[in-house]
């Protein structure tokens with residue numbers, strides 16, 4: 009069984025939770041019952057209850073929709089911006105008349121890449137205030153330049169193909185050449201990158217929410233749950249390992265899918281003895 013198959017096997021239940029979240033919830037994830045606070049796992053509450061008597065399993069399952077939905081949305085916006093940025097820069101670099109535009113686009117990317125990703129994200133969060141939307145915006149701004157440079161390299165390789173030169177000689181418009189001859193060559197490697205980026209976004213969202221900079225209580229989000237549970241590490245460890253394993257599961261699934269796609273898409277080289 010390849011890494012792609014294992015990743016898809018792990019990803020399938022997460023996608024089901026994302027599409028049909030309410031079907032799997034045994035209890036209301038926001039309902040409080042202070043008389044049953046910090047209960048261990050039982051037949052009623054399979055993963056126990058938290059400090060406010062809320063069902064941990066329901067909150068973990070409800071958090072899947074928020075965490076995965078936010079990560080997938082951020083990855084989609086990140087990929088779209090990187091495609092626009094990188095393909096535009098590559099096309100301008102391929103044309104003598106527009107090389108100055110390519111230089112400006114890449115120098116602006118270098119300026120953003122000069123800041124550590126976490127520092128840049130924290131600066132944006134400090135300006136706009138902690139919230140899930142702010143964290144998503146910060147991650148998109150911090151990660152787009154690096155992905156745009158990768159897209160530019162791939163697009164430059166695609167523009168050097170003979171059939172692209174033939175299309176330009178035939179008088180096809182720039183947009184048609186990019187749409188029909190350049191983008192199809194980018195989709196396969198970018199699919200692997202998108203899966204890997206989604207895993208990174210999930211970890212970053214959980215980390216920043218754990219620090220109190222992302223989603224705020226009582227939102228059922230995995231990072232928020234880990235932050236609320238850290239005070240009960242010894243007395244109620246089930247509060248920690250439930251959302252922690254959920255983050256690990258999701259990140260591992262997307263990483264395996266991305267790694268499997270990368271292995272399938274990269275050109276095979278003959279062995280040298």
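Residue numbers (my numbering): 9 to 281. Note that beta-carbon positions come from the ideal geometry of N, C-alpha and C, so glycine has one too. Treat the numbers as computed from the prediction; the structure is a model and nothing was measured.
Can you tell me whether residue i is buried or exposed? The criterion is at least 16 other CB atoms within 10 Å of its CB, across all chains shown.
i, result
"residue 225", "exposed"
"residue 117", "buried"
"residue 75", "buried"
"residue 271", "exposed"
"residue 182", "exposed"
"residue 136", "exposed"
"residue 150", "buried"
"residue 163", "buried"
"residue 13", "exposed"
"residue 124", "exposed"
"residue 104", "exposed"
"residue 34", "exposed"
"residue 170", "exposed"
"residue 107", "exposed"
"residue 187", "exposed"
"residue 37", "buried"
"residue 28", "exposed"
Does residue i come out as helix, strand or coil in the three-state DSSP assignment?
i, result
"residue 57", "strand"
"residue 223", "coil"
"residue 178", "coil"
"residue 276", "Since pLDDT at residue 276 reaches only 48, below the 50 mark, its modelled position is unreliable, and the value read off the structure follows with that caveat. Three-state result, residue 276: coil."
"residue 241", "coil"
"residue 45", "coil"
"residue 83", "helix"
"residue 21", "helix"
"residue 258", "helix"
"residue 229", "coil"
Going by CA-CA distance only, name the one from the options that's closest to residue i.
i, options, result
"residue 78", "219, 270 and 212", "212"
"residue 157", "86, 214, 145 and 126", "86"
"residue 199", "165, 139 and 264", "264"
"residue 144", "217, 202 and 109", "217"
"residue 232", "121, 248 and 241", "248"
"residue 193", "206, 204 and 161", "161"
"residue 45", "246, 256, 253 and 267", "246"
"residue 155", "174, 139 and 94", "94"
"residue 243", "177, 58, 27 and 258", "58"
According to DSSP, residue i sits in a beta bridge with which residue or residues?
i, result
"residue 63", "57"
*Please go through the stretch 132 to 172 and give each complete alpha helix (DSSP H) segment of 4 or more residues, from N-terminal end onward.*
Listed in chain order, the complete alpha helix (DSSP H) runs (minimum 4 residues) inside the stretch 132 to 172 are 140 to 167.
*Which runs of the alpha helix (DSSP H) spanning at least 4 residues fall entirely within the stretch 99 to 136, listed in chain order?*
Segments of the alpha helix (DSSP H) lying fully in the stretch 99 to 136: 107 to 121 and 125 to 136.
*Entirely within the stretch 191 to 215 and at least 4 residues each: give me those alpha helix (DSSP H) ranges in chain order.*
If we require 4 residues or more, the stretch 191 to 215 turns out to have no alpha helix (DSSP H) run fully inside it.
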